[in-house]
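Chemist: Just dropping this structure here.
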Amino acid sequence: MNKKLDPITFEVVRSSFDYITKMMSQTLQKISFSPIMYDQVDFSNALFDDKANLIGQTTNVPVHLAAMHHCVNAAVEAFKDDFNEGDVVILNDPYRGGTHNMDVTFVTPLFWDGKLTAYACSRGHWQDMGGKAASSESPTAVHIAEEGLRLPPTKIFINKEPVTWLIDIIRNNTRAPYFIDGDIRAHMGALNTAEKHFFELVEKYGEETVRACMEEALDYTERRTRAAIAKLPNGVYEAEDYIDADGVNNEAIYVRATVTIEDEDITVDFTGSSPTVDGPVNFPLAGTCSGVYFGLKFFLDLDAPPNAGMYRPIHIIVPENTVFNPRWPAPVYYGNLITSEKAADLIWQCLEKAIPQDIVGMPYADCNPISWGVVNAREGVSDTFGELPPGGWGGTPYGDGMSATYSRHGNCMDFTPEQMELLYPVICTEREFKTDSAGAGKFRGGLGLQVSWKILQNATMNLGMGRSRFGPPGVCGGKDGLPSSVIVNMGTDKEKVIGGYTKDHEYLMTMFDNYPMKAGETVTMITQGGGGYGDPKERDPELVKKDVKNEVISKDAAAREYGVSL
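Residue 1 is where the sequence shown starts when you use the UniProt record's numbering, and the numbers rise one by one after that.
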């Protein structure tokens, strides 16, 4: 530790960095206009030092937070010495540090006594940014221009005054312009909150002490991360997997990773993965790095402060023009949802060989985004809305996986049925655990969901689910979880599988856009179960009986998977 710092002062100041971001998030959620932010909590806030190193964050969206420093660097690089007090830069370009076009980032410098001291950053998933499909969710896009308005680093506030022409451009390129002003104000509120609390911290402890605590926080996390890596067995571990399809071509996409552990360092190498594909499951480098970081965090030091010090002993190799590092103009929207999780899955499957006693079965894969475009009957304007139904997590060495719990990369919330029905022409008619969806194991995976919605007026529907061709893999002898599927008009003579496996075992991509739905029709989503851990035959028969009683598994599955006849 820095000899000038006493441990108590350091810990108080360091934890204040995270507290500041917590206050930012509370502000953003309270005053944002978009339901996806205030209800589904799809946003993140963070604090960076004057070199754009992440120093503070709260429990928001991991795939945002681990990539945010790329956006801060892009803003700094764009304006260099012309990034002044009171300026705010907006950007969402996935090829300049963003994750996908819908995730809009705001960056502002914090000056104390005329000197740059830190940066505050706020990122939120907006309701719609244009493009070929409602909510800007187009699984059939073949060019990033089809995914909506793409903003390079651009000043949206200068000396705290709004750049109105830029706000007009944004407002004119969305299906939901009535959210824009409110959401911009919400992000500005978050940045102003950061400024207020950060300056209070500097005033109380002094600029020199705060700067020293920033530096020590990074070093402290690095030391703890290296110590955690050193406990892992040295070696080279490989894994391979598949992305179901890219939304354009119904062909599985090969991905692989090699994890090399050498003393206190880890190298993750994606060499050998598929080249850039036609559809939007490509993921630019910043996002792939975030998948690596949040994937590894689970198995390193969970209590180490989550900052850029963790990144130092982790080395990432991603060849250009691949699905994990595409070139413009490849579409990327679902890379943020599906491919980021695939990067983490590959790492976990590598670690299965290194630390089988600690590994976890694969979780359900992604946030299962489904969205609709409608005309608001009350106001006569276009509108968009969507849902993110979760699935099951994998079984662990210590117990069964979590059921219907949000994914690693997102940490978001469901759109509550009551709020959804209040705001939009839809009724949630069914929401229950899916029997037999969990991957069997000594400790089974968590359950997926069966969720149904009735659409009350004509609409178009978009979908981008993963793990529908191949269910979430089990580990250490555990079985795979149930793949996802989508059915319209279930239980009627018009029932039709439109994504996943049909009764004839034909695979249909769970990626499409602008699917027409008529008023009164229903759509049912069955989300993925988590992969199991360990040999199912080693499961305690009493746990099997309990699962049958609770309709977690059927009697047939108890006999087939566990050898328990009831």
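Even for Gly, the Cβ is constructed at its ideal location relative to N, Cα and C.
Taking K545 as the reference, give the member of V88, S44, M362 and Y562 with the closest Cα.
Modeler: Translated into the one-based positions of the sequence shown, residue 545 becomes position 545. For K545, the nearest C-alpha among the options comes from Y562.
Chemist: DSSP three-state label for V202, please.
Modeler: As a first step, residue 202 must be located in the sequence shown, where it is residue number 202. Three-state DSSP puts V202 in a helix.
Chemist: For the region 134–177, list the alpha helix (DSSP H) runs that are entirely contained and at least 4 residues long, ordered along the chain.
Modeler: You should have 164–171.
Chemist: Give the range of the alpha helix (DSSP H) segment to which V210 is assigned.
Modeler: What you label residue 210 is simply residue 210 of the sequence shown in a count that begins at 1. E207 to A230 is the extent of the alpha helix (DSSP H) around V210.
Chemist: Does the distance from the C-beta atom of A304 to that of T221 stay below 7 Å?
Modeler: As a working note, residue 304 is residue 304 in the sequence shown. As a working note, residue 221 is residue 221 in the sequence shown. Yes, Cβ-Cβ distance for A304 and T221 is below 7 Å.
Chemist: Ends of the alpha helix (DSSP H) at M517?
Modeler: Numbered from 1 along the sequence shown, position 517 holds the residue referred to as residue 517. No alpha helix (DSSP H) contains M517, which is instead part of the beta strand (DSSP E) from M511 to M517.
Chemist: I'd like to check one pair, A344 with G295: are the Cβ atoms closer than 7 Å?
Modeler: Working through the sequence shown from its first residue, we reach residue 295 at position 295. Working through the sequence shown from its first residue, we reach residue 344 at position 344. Yes.
Chemist: Quick check on I8: does DSSP put it in helix, strand or coil?
Modeler: The count along the sequence shown starts at 1 and reaches residue 8 at position 8. In the structure shown, I8 sits in a helix (DSSP, three-state: H, G or I).
Chemist: On a Cα-Cα basis, can you pick out the residue from H125, E240, I455 and T27 that is closest to K196?
Modeler: Sequence index remark: in the sequence shown, residue 196 carries index 196 (1-based). Measuring from the Cα of K196, the nearest candidate turns out to be T27.
Chemist: At what residues does the alpha helix (DSSP H) containing residue 570 begin and finish?
Modeler: The question about residue 570 has no answer, for the chain in this structure spans 1 to 566.
Chemist: Among the candidates D93, M490 and A558, whose CA atom is the shortest distance from the CA of W453?
Modeler: Stepping through the sequence shown from its first residue, residue 453 is reached at position 453. Cα-wise, what sits closest to W453 is M490.
Chemist: Could you give the DSSP three-state label for H409: helix, strand or coil?
Modeler: Locating residue 409 in the sequence shown gives position 409, counting from the first residue. Coil.
Chemist: Candidates F48, K442 and L302: which alpha carbon is nearest D400's?
Modeler: The count along the sequence shown starts at 1 and reaches residue 400 at position 400. The shortest C-alpha separation from D400 is found at K442.
Chemist: Buried or exposed for H505, please, with buried defined as at least 16 other CB atoms from any protein chain shown within 10 angstroms of its CB.
Modeler: Translated into positions along the sequence shown, residue 505 becomes position 505. Exposed: under 16 other Cβ atoms inside 10 Å.
Chemist: Taking DSSP's pairing of strands, which residues face V236 in a bridge?
Modeler: One-based indexing of the sequence shown puts residue 236 at position 236. Answer is T260, bridged to V236.
Chemist: Would you call the CB atoms of N73 and A217 closer than 7 Å?
Modeler: Counting from one through the sequence shown, the residue named residue 73 turns up at place 73. Counting from one through the sequence shown, the residue named residue 217 turns up at place 217. It is not a contact, given that the beta carbons lie outside the stated cut-off.
Chemist: Would you check if the region 247–259 and the region 275–283 touch, i.e. whether three or more CB-CB distances between them fall below 8 Å?
Modeler: Cβ pair count under 8 Å is three or more, so yes.
Chemist: What are the partner residues of K454, as DSSP defines its beta bridges?
Modeler: Taking the first residue of the sequence shown as position 1, residue 454 is located at position 454. Bridge partners of K454: I427 and T522.
Chemist: Check whether the Cβ atoms of M24 and T193 sit closer than 7 Å, and answer yes or no.
Modeler: Position 24 of the sequence shown, counted from the start, is the residue given in the question as residue 24. Position 193 of the sequence shown, counted from the start, is the residue given in the question as residue 193. For M24 and T193, yes; Cβs fall inside 7 Å.
Chemist: Taking Cβ positions, are H143 and P329 nearer each other than 7 Å?
Modeler: Here residue 143 refers to the residue found at position 143 when the sequence shown is read from its first residue. Here residue 329 refers to the residue found at position 329 when the sequence shown is read from its first residue. Against a cut-off of 7 Å, the Cβ pair of P329 and H143 comes out as a contact.
Chemist: Specify the secondary structure class of residue 569 as computed by DSSP and reduced to three states.
Modeler: Since the first residue of the chain shown is 1 and the last is 566, residue 569 is not available in this structure.
Chemist: Please determine, among G287, L300, E320 and I314, the residue with the shortest C-alpha to C-alpha distance to P275.
Modeler: Residue 275 sits at position 275 when you count from the first residue of the sequence shown. If we check each option's Cα against that of P275, E320 comes out closest.
Chemist: Let me know the secondary structure DSSP gives Y121 once reduced to three states.
Modeler: Walking along the sequence shown from the start, residue 121 turns up at place 121. The question names Tyr, but residue 121 is Cys in the sequence shown. Three-state result, C121: strand.
Chemist: Look at the Cβ atom of G478, then the Cβ atom of G534, and state whether they are nearer than 7 Å.
Modeler: Along the sequence shown, read from residue 1 onward, the residue named residue 478 stands at position 478. Along the sequence shown, read from residue 1 onward, the residue named residue 534 stands at position 534. Yes, they are a contact pair.
Chemist: Whose C-beta lies closer than 6 Å to the C-beta of E97 among residues of the same chain, with five residues either side of it excluded?
Modeler: By 1-based counting over the sequence shown, the position of residue 97 is 97. Going by the sequence as given, residue 97 is Gly instead of Glu. The answer, listed in chain order, is H70, C71, A74 and A286.
Chemist: With a cut-off of 8 Å, do at least 3 Cβ pairs link the region 326–340 to the region 93–109?
Modeler: Result yes; three or more Cβ-Cβ pairs closer than 8 Å.
Chemist: Going by C-alpha to C-alpha distance, which of K22, N60, R175 and E215 sits closest to F10?
Modeler: Residue mapping note: residue 10 aligns to position 10 of the sequence shown, counting from 1. Closest by alpha carbon: E215.
Chemist: Among all the DSSP beta bridges, which residues are the ones paired with H315?
Modeler: For the purposes of this step, residue 315 is taken as residue 315 along the sequence shown, with counting starting at 1. DSSP, once it has assigned bridges, lists T267 as partnering H315.
Chemist: When the Cβ atoms of the region 126–146 are set against those of the region 72–91, are three or more pairs found closer than 8 Å?
Modeler: The region 126–146 vs the region 72–91: no contact.
Chemist: Taking only three categories from DSSP, how would you classify S16?
Modeler: Taking the first residue of the sequence shown as position 1, residue 16 is located at position 16. If DSSP states are grouped into helix, strand and coil, S16 belongs with the helices.
Chemist: Going by DSSP in three states, M461 sits in which element: helix, strand or coil?
Modeler: Taking the sequence shown and counting its residues from 1, one reaches residue 461 at position 461. Residue state, collapsed to three classes: strand.
Chemist: Measuring straight from C-alpha to C-alpha, what distance separates F157 and E387?
Modeler: Counting from one through the sequence shown, the residue named residue 157 turns up at place 157. Counting from one through the sequence shown, the residue named residue 387 turns up at place 387. Each residue's Cα considered, the two are about 32 Å apart.
Chemist: Please report the residue range of the beta strand (DSSP E) in which S44 lies.
Modeler: To locate residue 44, count along the sequence shown from 1; it is residue 44. Element bounds for S44: F43 to D49.
Chemist: Quick one: what does DSSP say I359 is sitting in, helix, strand or coil?
Modeler: The residue labelled residue 359 in the question sits at position 359 within the sequence shown. It is coil, neither helix nor strand.
Chemist: Are the CB atoms of P425 and V374 nearer to each other than 7 Å?
Modeler: Reading the sequence shown from its first residue, position 425 is the one you call residue 425. Reading the sequence shown from its first residue, position 374 is the one you call residue 374. In this structure, V374 lies closer than 7 Å to P425 by Cβ.
Chemist: Quick one: any contact between the region 160–173 and the region 110–119, if contact means 3 or more CB pairs under 8 Å?
Modeler: The answer is no - the region 110–119 does not touch the region 160–173, with fewer than three Cβ pairs under 8 Å.
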